[in-house]
Amino acid sequence: MLLSLLISIPLPSFSQERKVENLPKYDKQKIHFGFLLGINTTDFTIRRIGNFNSLDSLYIVESAPQTGFNLGIIGNLRLGEHFDLRFVPDLAFSQRNLDYTFYENGKLVVTTKEIESSFLEFPLELKFKSRRINNYRGYVIAGIKYSIDMVSQAKVENADKDFVKLKRKDYGYSIGMGFDFYLERFKFAPEIKMYHGLNNLLVDDPKIFSSSLSSLKSKIFLVSFTFE
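Be aware that the sequence shown starts at 1, since it is given in the numbering used here, and climbs by one per residue.
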């Protein structure tokens, strides 16, 4: 009887629950701007040299991801009902650590090399948007990015200190997703994105911290919040 009663109660469908739309003309604008705040986790994709196991004392090399932050501006061009083109230049401050484990005197000793970077980044992205439902919609993005490390030590010569040199310029691709929330005065969107670098950043150096590796490529996870 209780089951029959519950079934007989009319339940409003999701599509019938319409709300007052904020910013009703927002998506008709050809161009709009905004800004971005983000938290990044920066890592490496490591490739070791072919004869790595023949190195006398070096046992393993691992990347230890670190956290940084991004500040950027957004330029958005409407291409159609479901597609936008975005240009999002930003400043990214990050650090990447490489942990070298050596086998010395019968025990393992870890040496960490810290690599700090300040990137000027130029991402160009295509945004595919779902249908707007009330005051929100989902989207996916994909794009390419070119970046310049403004504090790169690629050309620094220092015979007294061992450090890993990285090239100043990087490029790669990114994919991600997010949700647009239409508020009364602006649009807010939380977004996650994964970037994979295509350029080998490692600068050739005879010292073991570099010579033990054949390739270092960027791998960055970004959580960002946009305001447009």
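Built from N, CA and C at the ideal position, the CB exists for glycine as well.
(request) Out of Lys127, Lys167, Asn200, Phe209, point me to the one whose CA is closest to isoleucine 175's CA. (result) Walking along the sequence shown from the start, residue 175 turns up at place 175. In this structure, Lys127 is the residue among Lys127, Lys167, Asn200, Phe209 with its C-alpha nearest to the C-alpha of isoleucine 175.
(request) Let me know the secondary structure DSSP gives serine 152 once reduced to three states. (result) The sequence position of residue 152 within the sequence shown is 152, counting from 1. In this structure, DSSP gives serine 152 a state outside helix and strand, which the three-state scheme calls coil.
(message) Spatial neighbours of isoleucine 141 within its chain, please: C-beta separation below 6 Å, excluding the five flanking residues on both sides.
(response) Here residue 141 is taken as the residue at index 141 of the sequence shown, counted from 1. A distance below 6 Å between beta-carbons, with the five flanking residues on each side excluded, links isoleucine 141 to the following residues of its chain, in chain order: Glu125, Lys127, Gly176.
(request) Grab me the residues of isoleucine 115's own chain with a C-beta within less than 8 Å of its C-beta, minus the 5 sequence neighbours each way, in chain order. (result) Here residue 115 corresponds to residue number 115 of the sequence shown, with the count starting at 1. Around isoleucine 115: Gln95, Arg96, Asn97, Leu98, Phe163, Val164, Leu166.
(message) Tell me the DSSP secondary structure of serine 211 in three-state form.
(response) Looking up residue 211 in the sequence shown gives position 211. Here serine 211 sits in helix by DSSP.
(message) Give me, in chain order, the residues of the same chain whose beta-carbon lies closer than 7 Å to that of serine 215; leave out the 5 immediate sequence neighbours on both sides.
(response) Taking the first residue of the sequence shown as position 1, residue 215 is located at position 215. Spatial neighbours of serine 215 in its own chain (CB-CB distance under 7 Å, excluding positions within 5 residues in sequence) are listed in chain order as Arg47, Asn200, Leu202.
(request) Output the boundary residues of the beta strand (DSSP E) element that contains proline 89. (result) Your numbering for residue 89 matches position 89 in the sequence shown. Note, proline 89: premise wrong, no beta strand (DSSP E); not H, not E.
(message) To the nearest angstrom, how far is the alpha carbon of leucine 91 from that of methionine 194?
(response) As a working note, residue 91 is residue 91 in the sequence shown. As a working note, residue 194 is residue 194 in the sequence shown. Going from the Cα of leucine 91 to the Cα of methionine 194 covers about 17 Å.
(request) Since I believe isoleucine 60 is in contact with phenylalanine 35 (beta carbons under 8 Å), could you give me their beta-carbon distance rounded to a whole number of angstroms? (result) Along the sequence shown, one-based indexing puts residue 35 at 35. Along the sequence shown, one-based indexing puts residue 60 at 60. Not really, about 42 Å apart at Cβ, beyond 8 Å.
(request) Could you say which of His196, Ser224, Ser210 lies nearest to proline 190 if we only look at CA atoms? (result) In the sequence shown, the residue the question calls residue 190 occupies position 190. Between proline 190 and the set His196, Ser224, Ser210, the nearest pair of CA atoms involves Ser224.
(message) Can you give me the C-alpha to C-alpha distance between leucine 37 and threonine 226, rounded to a whole angstrom?
(response) For this step, residue 37 is matched to residue 37 along the sequence shown. For this step, residue 226 is matched to residue 226 along the sequence shown. Whole-angstrom Cα-Cα distance: 7 Å.
(message) Taking DSSP's pairing of strands, which residues face aspartate 204 in a bridge?
(response) The sequence position of residue 204 within the sequence shown is 204, counting from 1. In the DSSP output, where bridge partners are listed per residue, aspartate 204 has none listed.
(message) So, at 7 Å on beta carbons, what are the nonlocal neighbours of phenylalanine 186 in its own chain, with the 5 sequence-adjacent residues on each side left out?
(response) Here residue 186 refers to the residue found at position 186 of the sequence shown. So the list reads Phe227, Glu228, once near-sequence residues are dropped.
(request) Would you kindly check if the distance between the Cβ of asparagine 22 and the Cβ of tyrosine 136 is under 7 Å? (result) Counting from 1 along the sequence shown, the entry for residue 136 is found at position 136. Counting from 1 along the sequence shown, the entry for residue 22 is found at position 22. Result no, Cβ atoms of tyrosine 136 and asparagine 22 do not sit closer than 7 Å.
(message) Suppose the cutoff is 7 Å on Cβ atoms and the five residues either side in sequence are ignored; what does the same chain contact list for leucine 58 look like?
(response) Within the sequence shown, the letter at position 58 stands for residue 58. Answer for leucine 58: Tyr100, Phe102, Ile208, Ser212, listed in chain order.
(request) Evaluate threonine 42 with the Cβ neighbour count: other Cβ atoms within 10 Å of its Cβ, from every protein chain shown; 16 or more gives buried, anything less gives exposed. (result) Working through the sequence shown from its first residue, we reach residue 42 at position 42. The residue is buried, with at least 16 neighbouring Cβ atoms inside 10 Å.
(request) Assuming phenylalanine 122 and lysine 145 form a contact by the criterion Cβ under 8 Å, report the distance between their Cβ atoms to the nearest whole angstrom. (result) Counting from 1 along the sequence shown, the entry for residue 122 is found at position 122. Counting from 1 along the sequence shown, the entry for residue 145 is found at position 145. 7 Å between Cβ atoms; contact.
(request) Give the range of the beta strand (DSSP E) segment to which leucine 124 is assigned. (result) Residue mapping note: residue 124 aligns to position 124 of the sequence shown, counting from 1. First-last of the beta strand (DSSP E) with leucine 124: 107-129.
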